[in-house]
Amino acid sequence: MLLVLAAEHRAHLGCVPRAGGAGGAAGRGNRAEPGRGCSCVCSLSVLTAFGELGRLALEQLRRGAAPRACETAARKLNIDVDIIQHGVEGLVYLLTESSKLMASTPFHKEISEVDFQDSIHVLGFSDELKKSLLQLYLDNRKEIRSILGELTPRLPSYHSLEWRLDVQLASRSLRQQIKPAVTMKLYLNQNEDQTSQVLQTDPATLLHLIQQLEQALGEMRMNHCRRIVRNMK
Numbered sequence: 001m002l003l004v005l006a007a008e009h010r011a012h013l014g015c016v017p018r019a020g021g022a023g024g025a026a027g028r029g030n031r032a033e034p035g036r037g038c039s040c041v042c043s044l045s046v047l048t049a050f051g052e053l054g055r056l057a058l059e060q061l062r063r064g065a066a067p068r069a070c071e072t073a074a075r076k077l078n079i080d081v082d083i084i085q086h087g088v089e090g091l092v093y094l095l096t097e098s099s100k101l102m103a104s105t106p107f108h109k110e111i112s113e114v115d116f117q118d119s120i121h122v123l124g125f126s127d128e129l130k131k132s133l134l135q136l137y138l139d140n141r142k143e144i145r146s147i148l149g150e151l152t153p154r155l156p157s158y159h160s161l162e163w164r165l166d167v168q169l170a171s172r173s174l175r176q177q178i179k180p181a182v183t184m185k186l187y188l189n190q191n192e193d194q195t196s197q198v199l200q201t202d203p204a205t206l207l208h209l210i211q212q213l214e215q216a217l218g219e220m221r222m223n224h225c226r227r228i229v230r231n232m233k
């Protein structure tokens, strides 16, 4: 399964260093635009600069954005801080999206090395840089997957349901009437605890609710919804 990169993401990844010593002009104050990777590094080698960007990307995934760390790296590499930030954002997106595919491929297999290399082929990176990028993904994919799992909201899940049908046949003001009501007690699991909710409705509203839920389940089988759910995992 290939990872499709949008133009914005390709532009950010274009800030990843491609040629050693090409960022000298950026270090002297000439700003380089995202996507023009030739102005991403200065006197340091491509792999050294890539290693710094990869470290920042992993730290951002673990602890969140760190503008000061990007500024420090920019001074260390003698390049514009915008180049660092865009490069880190591009790497974070590439690593997280590739790791998400671990749960969407058959039998929960990770995105293969060949698929990963084919996905980044459009970036025009050198063979050495593509090899380093692949190694960064292989070394950290399980940790990234674990981090993404912790960020997933813990929503209540269904446990069981009790229900009762009550029918009011008469009242003081009206001797003959039929007023049905369905009372339900819904048990939910949340954070290893069990909670309950008592609900009451009339049969017509309950029937409408069932129809809406069945419609929603039908839409979940559509390819578009499956792609959205896959990216949310």
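Numbering (full-length UniProt numbering), first residue to last: 1 to 233. Glycine is no exception: its CB is placed at the ideal position from the N, C-alpha and C atoms.
- With 16 or more neighbouring CB atoms inside 10 Å of its own CB, Val-46 falls in the buried class.
- Counting along the chain, the unbroken beta strand (DSSP E) around Ser-157 starts and ends at 157-168.
- Taking a C-beta distance under 9 Å as the contact criterion, Leu-206 and Val-182 qualify as a contact pair.
- Its Cα nearest to that of Glu-71, the residue Gln-85 stands out among Gln-85, Arg-226, Gln-60 and Glu-59.
- Closest by C-alpha distance to Arg-62, out of Ile-144, Gln-215, Leu-5 and Arg-172, is Ile-144.
- Under the three-state reduction of DSSP, Asp-127 is assigned to helix.
- Following the DSSP letters along the chain, one finds Pro-180 in no alpha helix (DSSP H) but inside the beta strand (DSSP E) bounded by residues 179-190.
- DSSP, reduced to helix, strand and coil, places Ser-196 within a strand of the structure shown.
- About 13 Å separates the beta carbon of Cys-15 from that of Gly-124, a gap too long to meet the 8 Å contact definition.
- Our two residues, Leu-209 and Met-184, have alpha carbons roughly 14 Å apart in a direct line.
- Rounded to the nearest whole angstrom, the CA to CA distance from Pro-156 to Asp-193 is 10 Å.
- Here Thr-201 is bridged, per DSSP, to Val-182.
- Annotation for Asp-118: the continuous alpha helix (DSSP H) segment containing it runs 113-120.
- Taking C-alpha positions only, Ser-132 is separated from Ala-49 by approximately 12 Å.
- In summary, Gly-64 is exposed, with fewer than 16 beta-carbon neighbours lying within 10 Å of its beta-carbon over all protein chains present.
- By the Cβ-count criterion, Val-114 is exposed, with fewer than 16 other Cβ atoms from all chains shown falling within 10 Å of its own Cβ.
- Residue state for Ala-11 is assigned as helix, using DSSP reduced to three classes.
- Assignment of Arg-68 by DSSP, reduced to helix, strand and coil, places it in the helix class.
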